[in-house]
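Protein chains in written order, with the working numbering: chain A, 1 to 113; chain B, 1 to 269.
Each residue gets a CB set at the ideal place from its N, CA and C atoms; glycine is no exception.
Here it is, written out as structure tokens:
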């Protein structure tokens, strides 16, 4: 968590912009991880074929990838509280969307009696 | 609180650059929340139809071009890396590095769209698009093998598939679908439901593609700004907010890939 007002000016960085600078090494590690997971997703899907669990595995991998992208590439790890709250709110609203939709469609074909 | 050196980048209504950057990030994230919900509606609709027509969605997905999709995934993930490196260069005041990374990002995004274009062209060439094209192609294949025994129908399509592409009478997918429905009368694949999947495929990848094009425009604007000196280190956040949008479009692709291309992966053709 960073305080946006707390910047430390130095001679070659008069406005304190180098705080929270990503290291190239870290970015490369995240890149390799996301890429590796993408290829693993293709490989595992081809091997598994369509089974009951394929979709779960695929979405789990995609979620980890999206998490890495959001946390490192989209700088949520340096995020202010309000930015993190905004990001999480989108997931919260999406959850409402899915729950209400599915509560209807998953129960529509139930037979009473 | 206030910085020792005033910057021309600082707008008069902000206290300092830190506050200005925080506001810019927050504004972009609020927009992204609406984008996530926008795509969320499509994902929710897809979820329901996949739940209703699981078999048809898997079969339809198995006709998609996984090679192109995988290459495109690599392009997009790599473009996310170069975009993040561009922010780093902007913060360090490395203008050449900034422009280089932005242009690499544009090149990778353009490559994605070019591949997507080839993919769409191939699908239209094979009549693998919902509507009349699909119906005509499917009916042609069904009619061709209507009077044949299942084994003879199999032989007929094999012989057809062995011909050079421009001489083939049937698209690969139509032959397979016709064969499947001939072999099992009790478990018929509904061609209408297959087209439903294709609707999702074209709408979701189409809207995603439009987002890529918008992102490319924004990044080209950044290149112009960087080249004309508009992005000093204290204005790095301009690059950062565009990168947030670009990463979101990348992250959405990471979900489109398994839902559209991998649902039917590993099925035998």
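Closer than 7 Å by beta-carbon distance: list the chain A residues that pair up with residue i, in chain order.
i              : result
residue 58(B)  : 50
residue 190(B) : Neighbours of residue 190(B) on chain A: none; closest Cβ ~17 Å, over 7 Å.
residue 201(B) : Within chain A, no residue comes near residue 201(B); the closest Cβ sits about 16 Å away, beyond 7 Å.
residue 40(B)  : 94, 97
residue 44(B)  : 97, 98, 101
residue 70(B)  : 42
residue 84(B)  : 22, 27, 73
residue 103(B) : Those within 7 Å of residue 103(B) in chain A number zero; the least Cβ separation is about 18 Å.
residue 48(B)  : 101, 105
Note down, in chain order, every chain B residue with its Cβ under 7 Å from the Cβ of residue i.
i             : result
residue 34(A) : 77
residue 93(A) : 37
Name the chain A residues that come within less than 8 Å of residue i, Cβ to Cβ?
i              : result
residue 29(B)  : 83, 86, 87
residue 80(B)  : 31, 34, 69, 73
residue 91(B)  : 17, 18, 21
residue 234(B) : 15, 17
residue 33(B)  : 86, 87, 89, 90, 93
Are the beta-carbon atoms of residue i and residue j separated by less than 9 Å?
i              : j              : result
residue 57(B)  : residue 263(B) : yes
residue 115(B) : residue 41(A)  : no
residue 10(B)  : residue 225(B) : no
residue 73(A)  : residue 44(B)  : no
residue 245(B) : residue 28(B)  : yes
residue 157(B) : residue 175(B) : yes
residue 275(B) : residue 72(B)  : Here chain B has residues from 1 to 269 only, and residue 275(B) is not among them.
residue 118(B) : residue 75(B)  : no
residue 203(B) : residue 134(B) : no
residue 37(A)  : residue 81(B)  : no
residue 66(A)  : residue 255(B) : yes
residue 15(A)  : residue 17(B)  : yes
residue 95(B)  : residue 231(B) : yes
residue 243(B) : residue 24(B)  : no
residue 166(B) : residue 178(B) : no
residue 172(B) : residue 161(B) : yes
residue 250(B) : residue 69(A)  : yes
residue 98(B)  : residue 107(B) : no
residue 26(B)  : residue 86(A)  : yes
residue 93(A)  : residue 33(B)  : yes
residue 59(B)  : residue 140(B) : no
What residues from chain B crowd round residue i, counting only those whose CB sits closer than 8 Å?
i             : result
residue 62(A) : 254, 255, 257, 258
residue 66(A) : 251, 254, 255
By the criterion of Cβ-Cβ separation under 9 Å, what are the contact partners of residue i in chain A?
i              : result
residue 263(B) : 45, 50, 54, 55, 58
residue 74(B)  : 35, 38, 39
residue 51(B)  : 102, 105, 106
In three-state terms, what does DSSP make of residue i?
i              : result
residue 168(B) : coil
residue 11(B)  : coil
residue 51(A)  : coil
residue 290(B) : In the structure displayed, chain B extends from 1 to 269; residue 290(B) sits before or after that span and is not available.
residue 4(A)   : Confidence at residue 4(A) is low in this model, with a pLDDT of 49, below 50, so its placement is unreliable and no value can be given for it.
residue 114(A) : Nothing can be reported for residue 114(A): it is not among the residues displayed for chain A, which extend from 1 to 113.
residue 4(B)   : In this prediction, residue 4(B) scores a pLDDT of 49, lower than 50, which makes its location untrustworthy; the coordinate-derived value is nonetheless stated afterwards. Of the three classes helix, strand and coil, the one that applies to residue 4(B) here is coil, per DSSP.
residue 47(B)  : helix
residue 42(A)  : helix
residue 188(B) : coil
residue 17(A)  : coil
residue 30(B)  : helix
residue 232(B) : coil
residue 10(A)  : coil
residue 183(B) : helix
residue 147(B) : coil
residue 265(B) : coil
residue 23(A)  : coil
residue 22(B)  : helix
residue 33(A)  : helix
residue 129(B) : coil
residue 78(A)  : helix
Residue range of the alpha helix (DSSP H) that residue i falls in?
i              : result
residue 104(A) : 81 to 105
residue 240(B) : 236 to 256
residue 194(B) : 191 to 227
residue 160(B) : 150 to 162
residue 74(B)  : 66 to 92
residue 63(B)  : That residue, residue 63(B), is in no alpha helix (DSSP H); it is neither H nor E in DSSP.
residue 105(B) : 95 to 125
residue 144(B) : 132 to 144
So with CB distances below 9 Å, who are the chain B contacts of residue i?
i             : result
residue 40(A) : Under the 9 Å cutoff, chain B gives no residues; its nearest Cβ is about 11 Å from residue 40(A).
Taking 8 Å as the cut-off, is the CB of residue i close to at least one heavy atom of the ligand MG?
i              : result
residue 102(A) : Questions concerning the ligand MG fall outside what the structure shown contains, since it holds no ligand whatsoever.
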